[in-house]
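A.B. asks: Please read through the structure below; I'll follow up with questions.
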C-alpha cells in the first residue's frame, strides 16, 4: 500500500495569538516572533524534501510556509474553523458554556460561524485528495487537532510544531523534527 504521509505545521505566532484571541478566518499576519519561528523551522527542514508543500490561504500560514520552505500550493480547505461572532474574542471573554462546547470540539458550533462537522468535512476532503507521497502542510491549530484526533492522538500544537501522520492508515507518527 502506498501511503500519504503528512507533516503538519501550525503557523507562526501572530499578535492575536499573543493576545489569546480567536482568529478563525480573520487574516492576521505573523508578528516578529512568528517570522523568527518560521525561520528556525526552515533551518531544521533545509535538508529535507517533500512531494508537496501546501498551505491554508490565510496569510499567517502562507508566510510561515514561504519563510520555512518556499512557495506553497494554496488550498482554502486548510483554513481554521470559522469562529463567526467570537473571532477577535479572547478565551477569557467567553462564557463558561461556550468554553465547554469549544473544549468538546466534536460538536462545537461557532455562533454565527462554522460547525465542527462542516469543518471536519472540508479538512478531511483535502487530505483524502492528496496523492501518495510525503507532504508538508502549513495550517492552523484546529486543522492539526482534527487530523491528529482522526489519527489516534490529541493535543494542540504550539507554533511551528511539527506533527506527523500516516493519513492512509489514520496513524499518528513520532515526529523527527520539532520547530
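In this note's numbering, the protein residues as written are -3 to 175. We put the beta carbon where it would ideally sit given N, CA and C, even for glycine.
#1: Just verifying my parser: in three-state terms, what is the DSSP assignment at residue 138?
#2: Please check the pair residue 98 and residue 65, which I expect to be a contact at CB under 8 Å, by giving their CB distance rounded to whole angstroms.
#3: On a Cα-Cα basis, can you pick out the residue from 0, 29 and 77 that is closest to residue 102?
#4: Are three or more beta carbon pairs between the region 73 to 91 and the region 102 to 118 nearer than 8 Å?
#5: Count the CB pairs spanning the region 147 to 162 and the region 88 to 95 that are closer than 8 Å, and state whether there are at least three.
#6: Applying the criterion that 16 or more other CB atoms from any shown protein chain within 10 Å of the CB defines a buried residue, is residue 44 buried or exposed?
#7: With respect to the alpha helix (DSSP H) encompassing residue 71, which residues constitute its N-terminal and C-terminal limits?
#8: Which whole-angstrom value is the C-beta distance of residue 60 and residue 115, which I expect to be below 8 Å?
#9: Going by beta-carbon coordinates alone, are residue 126 and residue 87 separated by less than 8 Å?
#10: For a test of the three-state rule: what should DSSP assign to residue 35, helix, strand or coil?
#11: Relative to the C-alpha of residue 7, which residue among 46, 63, 147 and 1 is closest?
#12: Decide if residue 17 is buried, meaning its Cβ has at least 16 other Cβ atoms within 10 Å, or exposed.
#13: Near residue 25, what residues of its chain come up, given a Cβ to Cβ distance below 8 Å and the 5 sequence neighbours on each side ignored?
#14: Short check: CB of residue 34 to CB of residue 53, under 8 Å?
#15: Candidates 12, 36 and 167: which alpha carbon is nearest residue 82's?
#16: Using the C-alpha atoms, what's the distance from residue 32 back to residue 23?
#17: Does DSSP classify residue 23 as helix, strand or coil?
C.D. replies: Based on what the coordinates show:
#1: helix
#2: With a Cβ gap of about 31 Å, residue 98 and residue 65 do not count as contacting.
#3: 77
#4: yes
#5: In the pairwise beta carbon analysis, the region 147 to 162 is classified as not touching the region 88 to 95: fewer than three pairs are separated by under 8 Å.
#6: Here residue 44 is exposed: its Cβ has fewer than 16 other Cβ atoms, across all protein chains shown, within 10 Å.
#7: Taken as a continuous stretch (DSSP letters only), residue 71 belongs to no alpha helix (DSSP H), as it is neither H nor E.
#8: About 20 Å; that fails the 8 Å criterion.
#9: Contact flag unset, no.
#10: helix
#11: Distances from the CA of residue 7 to each of 46, 63, 147 and 1 were compared; the closest alpha carbon is that of 63.
#12: buried
#13: Taken in chain order, the residues that qualify are 10, 55, 56 and 59.
#14: No, Cβ-Cβ distance for residue 34 and residue 53 is not below 8 Å.
#15: 12
#16: Those two C-alpha atoms are separated by around 19 Å.
#17: coil
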